[in-house]
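Q: Please see the structure below; I have some questions.
Here you go:
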């Protein structure tokens, strides 16, 4: 892991949506034996916030420039060895405003806009082998519960706009809505609604010193919960709180059939083991996020979905 005060080297790698997985985790694991989590360089924080804020309205040219910015700020040695991970800047009110947050259907008049500063920031950068078209098929698939078994109790995704237009290239994006339930030990089962989407973005060409990407389109996925999740058992309602979740993911097609995946999230949750400010809990989540990439790579290799 590089010192966050120094400029990370240019990526020249040439070789080979809430996502924390259901797993039994002991308190000793969460609180002990953890490696230090580095602070992200300020420039990486900027890239993540610009990726998040620009998903709806940024031009293809401006948004695509973020691919070059990613190549400049990511740490080649860390990603080549395993991954790069840490904590970026907090979500800002201006960035939060790009999400359609609103009261839940059963609101009794007490809902209010959450403070984005309470959402813990985390990022992970990793690479794996997957062709862009195969990756897009996985990301937009309706049956995420079947593709990633054991992660959901129930899962129901509905496209908000035309998936056929996205697949044909008539549209550069597709959005969806999801209702799901999860049960992550030791937390009680909870229900959440989330809004998601995937956008194709051309990477810039004609650069003086181009990165090692393949020249195919970058994929950018965005997901958020418009209102807090709630525990399904009323008697356990105070045992777990999941109030905010903002996720942004950029996949740059790299040479040798790989993708460089930058995953940023800002999440506010609290339960029996504490909140996400706990570095031990963060370490477990980093491992889970990395495992999700491994599972995605296997789906690609198996030709699924």
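Residue numbers (our numbering): -10 to 294.
Beta carbons: idealized from backbone N, C-alpha and C, even for Gly.
Pull the bridge partners of residue 208 from the DSSP assignment, please.
A: 189, 240
Q: So, residue 255 versus residue 108, is the Cβ gap smaller than 8 Å?
A: yes
Q: Just grab the DSSP bridge partners of residue 100 for me.
A: According to DSSP, residue 100 bridges with nothing at all.
Q: Look up residue 251 in the DSSP assignment and say whether it is helix, strand or coil.
A: strand
Q: Tell me which residues share the same chain as residue 155 and place their Cβ nearer than 6 Å to its Cβ, disregarding the 5 neighbours each side in the sequence.
A: 163
Q: Measure the CB-CB distance between residue 261 and residue 226 and report whether it falls below 8 Å.
A: no
Q: What are the start and end residues of the alpha helix (DSSP H) that includes residue 269?
A: Looking at the DSSP string, the run of the alpha helix (DSSP H) that includes residue 269 is 268 to 291.
Q: On a CA-only basis, which of 50, 194, 284, 137 is nearest residue 116? Give me that one, please.
A: 284
Q: Just mark residue 101 as buried or exposed, buried being the case when its beta carbon has 16 or more other beta carbons within 10 Å.
A: exposed
Q: Nearest-angstrom Cα distance between residue 77 and residue 179?
A: 27 Å
Q: Which of the three DSSP states, helix, strand or coil, is assigned to residue 118?
A: Under the three-state reduction of DSSP output, residue 118 falls in the strand class.
Q: Taking the alpha-carbon positions, what's the residue 247 to residue 120 distance?
A: 7 Å
Q: Between 165, 157, 198, which has its C-alpha nearest residue 144's C-alpha?
A: With distances taken between Cα atoms, residue 144 lies closest to 165.
Q: Specify whether the region 196 to 212 and the region 137 to 151 touch according to this definition: at least 3 beta carbon pairs, one from each stretch, less than 8 Å apart.
A: no
Q: As a quick exercise: from 184, 44, 268, 222, pick the residue whose alpha carbon is nearest that of residue 207.
A: For the residues 184, 44, 268, 222, the minimum Cα distance to residue 207 belongs to 44.
Q: Using only alpha-carbon positions, find the residue among 147, 140, 82, 249 that is nearest to residue 130.
A: If we check each option's Cα against that of residue 130, 147 comes out closest.
Q: In three-state terms, what does DSSP make of residue 183?
A: strand
Q: Go ahead and label residue 75 buried or exposed: buried means 16 or more other beta carbons lie within 10 angstroms of its beta carbon, across all protein chains shown.
A: buried
Q: Can you tell me which of the three DSSP states residue 71 falls into?
A: coil
Q: Is it right to say residue 135 is buried, meaning 16 or more other beta carbons lie within 10 angstroms of its own, or is it exposed?
A: exposed
Q: CB residue 81 to CB residue 105, shorter than 8 Å?
A: yes
Q: Identify which residue in 191, 218, 175 has its Cα closest to the Cα of residue 239.
A: 191
Q: Could you give the DSSP three-state label for residue 297: helix, strand or coil?
A: Only positions -10 to 294 of the chain appear in the structure, and residue 297 is not among them; the question remains open.
Q: Give every residue of the same chain whose Cβ lies closer than 6 Å to the Cβ of residue 21, excluding the five residues on either side of it in the sequence, and list them in chain order.
A: Confidence is the limiting factor: at residue 21 the pLDDT is only 39, short of 50, which leaves the residue's position unreliable and the question unanswerable from this model.
Q: Which of the three DSSP states is assigned to residue 173 in this structure?
A: coil
Q: Spatial neighbours of residue 233 within its chain, please: C-beta separation below 6 Å, excluding the five flanking residues on both sides.
A: 103, 108, 257
Q: Roughly how many angstroms lie between the CA atoms of residue 289 and residue 118, to the nearest whole one?
A: 8 Å
Q: Report the partner residues of residue 112 according to the DSSP bridge assignment.
A: 75, 253
Q: Helix, strand or coil for residue 258, going by three-state DSSP, please let me know.
A: Looking at residue 258 - three-state DSSP - the assignment turns out to be strand.
Q: Who are the near neighbours of residue 259 in its chain, counting only those whose CB is closer than 6 Å to its CB and skipping five residues on each side?
A: 230
Q: Skipping 5 residues on each side, what residues in its chain have a beta carbon closer than 8 Å to that of residue 215?
A: Setting aside the 5 residues that flank it on each side, residue 215 is surrounded in the same chain by 88, 89, 90, 91, 182, 183, 184, each with a C-beta closer than 8 Å to its C-beta; the list follows chain order.
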